[in-house]
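Residue numbering for the sequence shown is 0 to 490, as defined by numbering that gives the first Met the number 0.
Glycine included, each C-beta is placed from N, C-alpha and C at the ideal position.
First up is the structure itself, then whatever we jot down about it.
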Amino acid sequence: MDYVNTLIGVLFACFLVRGVLISLRRSKRLAPGPFPLPIIGNLHLLGDKPHISLTQLAKNHGPIMNLKFGQINTVIVSSAVLAREVTQKKDLMFSNRCIPDALRACNHNDFSAIWLPVDSQWRTLRKIMNYHIFSGNRLDANEHLRSKKIQELIDYCGNCSKVGETVNISRATFRTAMNLLSNTFFSIDLTDPFTDSAKEFKELVSNISIEAGKPNVVDFFPFLQKIDPQGIRRRMTKYFTKILHLMSDLIDERLKERSMGKHANVDVLDALLNICPKEIDRNQIEQLCLDLFEAGTDTTSNTLEWAMAELLKNPHTLEKAQEELAQVIGRGKLINAADVANLPYLRCIVKENFRIHPQVPFLIPRKTEEDVDFCGYIIPKDSQVLVNVWAIGRDSSLWEDPLDFKPERFLESEIDIRGQDFELLPFGVGRRICPGLPLAIRMIPIVLGSLLNTFNWKLQDGITPEDLDMEERFGITLSKAQPLLAIPIPL
Numbered sequence: 000m001d002y003v004n005t006l007i008g009v010l011f012a013c014f015l016v017r018g019v020l021i022s023l024r025r026s027k028r029l030a031p032g033p034f035p036l037p038i039i040g041n042l043h044l045l046g047d048k049p050h051i052s053l054t055q056l057a058k059n060h061g062p063i064m065n066l067k068f069g070q071i072n073t074v075i076v077s078s079a080v081l082a083r084e085v086t087q088k089k090d091l092m093f094s095n096r097c098i099p100d101a102l103r104a105c106n107h108n109d110f111s112a113i114w115l116p117v118d119s120q121w122r123t124l125r126k127i128m129n130y131h132i133f134s135g136n137r138l139d140a141n142e143h144l145r146s147k148k149i150q151e152l153i154d155y156c157g158n159c160s161k162v163g164e165t166v167n168i169s170r171a172t173f174r175t176a177m178n179l180l181s182n183t184f185f186s187i188d189l190t191d192p193f194t195d196s197a198k199e200f201k202e203l204v205s206n207i208s209i210e211a212g213k214p215n216v217v218d219f220f221p222f223l224q225k226i227d228p229q230g231i232r233r234r235m236t237k238y239f240t241k242i243l244h245l246m247s248d249l250i251d252e253r254l255k256e257r258s259m260g261k262h263a264n265v266d267v268l269d270a271l272l273n274i275c276p277k278e279i280d281r282n283q284i285e286q287l288c289l290d291l292f293e294a295g296t297d298t299t300s301n302t303l304e305w306a307m308a309e310l311l312k313n314p315h316t317l318e319k320a321q322e323e324l325a326q327v328i329g330r331g332k333l334i335n336a337a338d339v340a341n342l343p344y345l346r347c348i349v350k351e352n353f354r355i356h357p358q359v360p361f362l363i364p365r366k367t368e369e370d371v372d373f374c375g376y377i378i379p380k381d382s383q384v385l386v387n388v389w390a391i392g393r394d395s396s397l398w399e400d401p402l403d404f405k406p407e408r409f410l411e412s413e414i415d416i417r418g419q420d421f422e423l424l425p426f427g428v429g430r431r432i433c434p435g436l437p438l439a440i441r442m443i444p445i446v447l448g449s450l451l452n453t454f455n456w457k458l459q460d461g462i463t464p465e466d467l468d469m470e471e472r473f474g475i476t477l478s479k480a481q482p483l484l485a486i487p488i489p490l
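What follows is the structure in structure tokens.
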């Protein structure tokens with residue numbers, strides 16, 4: 000019996016030593032990074048603006064870093080070359096999602112094309128979006144809607160000008176984006192384009208972005224999921240429920256109209272109901288609307304607000320843009336989709352804005368399903384992988400004077416924003432690229448160009464361009480911490 004116990008002890012010791020040696024070998028092959036503290040790991044290094052903190056850490060540890068956030072191993076990629084490896088060359092190994100607990104509210108992660116794994120449900124949703132919502136034919140057919148909504152935005156700014164009021168750029172463009180989407184989906188305005196009636200919905204969407212993006216202890220210590228100590232999932236459930244109820248009421252109203260033969264099949268909701276329940280069910284339609292209204296309104300208004308802020312901070316750039324518009328379009332006219340091809344400087348402004356103010360500072364987090372050999376390092380199974388596009392946009396090895404707003408850098412450049420150039424990935428890349436890209440690249444330049452070609456703009460209360468506050472507010476998207484208030488002066 001003593002012999003057996005001794006043998007078992009020796010075998011156990013051998014396995015223990017073997018495990019320690021394997022662990023040491025693996026730890027030696029992990030990407031470099033700051034030493035983790037007990038329990039919390041590297042959480043103390045995140046701060047309230049993780050995109051900036053992690054960019055600074057990358058300057059010390061390199062373009063690929065391994066950090067420990069509580070129990071979660073996290074790899075940060077901060078270079079265009081390595082972003083290509085993650086999102087293109089080894090896409091399948093990194094195609095699944097690391098889901099923030101906030102997005103589990105109302106089981107949203109089980110229905111959202113953003114958060115679903117690459118499976119049959121995800122493929123069906125992508126197919127539906129590509130064919131019924133963001134296809135070239137659908138977008139061409141809705142050009143009159145875009146023109147109408149942009150005209151309403153210009154009319155609103157004109158009314159503000161007449162009475163000497165400032166325009167809250169974010170709120171005004173949010174209403175435009177919201178009503179464009181609601182007309183595309185439901186053939187109605189969800190808010191009055193001439194009042195601030197969308198303020199509550201905008202705050203709702205902004206709160207979703209902030210809650211989804213803020214550090215959540217549950218994401219770092221998953222065993223706390225049922226407790227939800229910060230109350231983030233509870234608040235997200237409240238926000239999601241409000242939007243889902245709104246979408247449900249609109250669908251009920253449409254079904255009633257269809258049953259009475261009072262509605263023609265003209266919009267996206269009709270197209271979705273026509274394939275329901277064979278390809279998509281009622282719950283999936285509601286969750287899809289939640290996805291698109293949350294993502295499509297906030298990102299559009301934030302992008303336009305940042306662009307206008309940069310132009311007001313750089314008056315010479317604003318003047319050059321207005322000169323181009325006057326020469327090509329004629330002063331005072333709205334821009335349409337066909338005009339954009341003849342406005343190279345305007346297109347450069349849009350690219351430069353996406354470079355320096357990407358709406359999603361980290362591409363949506365990816366997850367490894369197994370150990371991955373990556374550029375000489377091991378990325379362990381179940382690691383979170385973040386691509387820091389904010390850092391790539393400020394990489395001095397890629398961009399001259401990266402902190403300066405210089406649209407001219409793109410005049411002789413072939414770099415584009417459609418996911419083919421890894422120096423500039425505002426919409427992601429590959430199979431996980433943002434499905435709303437076709438709408439965004441039509442909408443952003445024509446709204447921005449129309450605002451610039453119908454008004455001169457100045458800052459309120461004697462604020463100088465040098466004094467304009469450009470502080471960021473971190474969430475799942477990057478918004479301006481202080482709203483841009485500007486005075487429109489008709490040209």
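- For residue 73, the secondary structure class from DSSP, reduced to helix, strand or coil, is strand.
- By the Cβ test, the region 318 to 337 is in contact with the region 141 to 158, since at least three Cβ pairs between them sit closer than 8 Å.
- DSSP places residue 146 in the helix class (H, G or I) of the three-state scheme.
- Taking one beta carbon from each stretch, the region 433 to 441 and the region 122 to 136 have 3 or more pairs nearer than 8 Å; the two touch.
- Here DSSP, grouped into helix, strand and coil, assigns residue 368 to coil.
- A residue is called buried when at least 16 other Cβ atoms come within 10 angstroms of its Cβ; residue 403 does not meet this threshold and is exposed.
- Of all alpha-carbon atoms in 374, 83 and 124, the one lying nearest the alpha-carbon of residue 28 is that of 374.
- Pairing residue 65 with residue 54 gives a Cβ-Cβ distance that is not under 9 Å.
- Residues of the same chain with a CB within less than 6 Å of the CB of residue 185, apart from the 5 flanking positions on each side, are 249 and 268 in chain order.
- Relative to residue 284, the option among 320, 110 and 452 whose CA is nearest is 110.
- Per DSSP, the unbroken beta strand (DSSP E) holding residue 64 starts and ends at 63 to 68.
- Between residue 287 and residue 124 the beta-carbon gap is near 7 Å, inside 8 Å, which marks them as a contact.
- Restricting attention to beta strand (DSSP E) runs no shorter than 3 residues, the region 70 to 143 encloses them at 71 to 76, ordered along the chain.
- By the CB criterion at 9 Å, residue 42 and residue 214 fall inside the cutoff.
- Looking at 405, 100 and 440, the one whose alpha-carbon comes closest to that of residue 232 is 100.
- Counting only the Cα atoms, residue 469 lies some 46 Å from residue 273.
- Secondary structure in the region 262 to 307: the alpha helix (DSSP H) runs of 4 residues or longer, each lying completely within the stretch, are 267 to 273 in chain order.
- Just measuring C-alpha positions, the residue of 383, 398 and 476 sitting nearest residue 423 is 398.
- Out of 58, 50, 40 and 44, the CA that lies nearest to the CA of residue 396 is found in 58.
- The bridge partners DSSP lists for residue 478 are 472.
- Separation of residue 259 and residue 251 (C-alpha to C-alpha, rounded to the nearest whole angstrom) is 13 Å.
- Per DSSP, the continuous alpha helix (DSSP H) segment holding residue 439 begins and ends at 436 to 453.
- Of the residues 416, 409, 356 and 428, the one whose Cα lies closest to the Cα of residue 393 is 356.
- Straight-line spacing of the CA atoms in residue 226 and residue 305 works out to 38 Å.
- Selection 152, 456 and 115 evaluated against residue 314 yields 456 as nearest (Cα-Cα).
- The three-state reading of DSSP puts residue 40 in strand, counting E and B together.
- Residue 294 and residue 142 have their C-alpha atoms roughly 20 Å apart.
- In this model, residue 378 and residue 88 are separated by some 15 Å (Cα to Cα).
- Put simply, of 114, 276, 342 and 353 the residue whose alpha carbon is nearest the alpha carbon of residue 410 is 342.
- Nearest to residue 172 by C-alpha distance, out of 445, 261 and 348, is 445.
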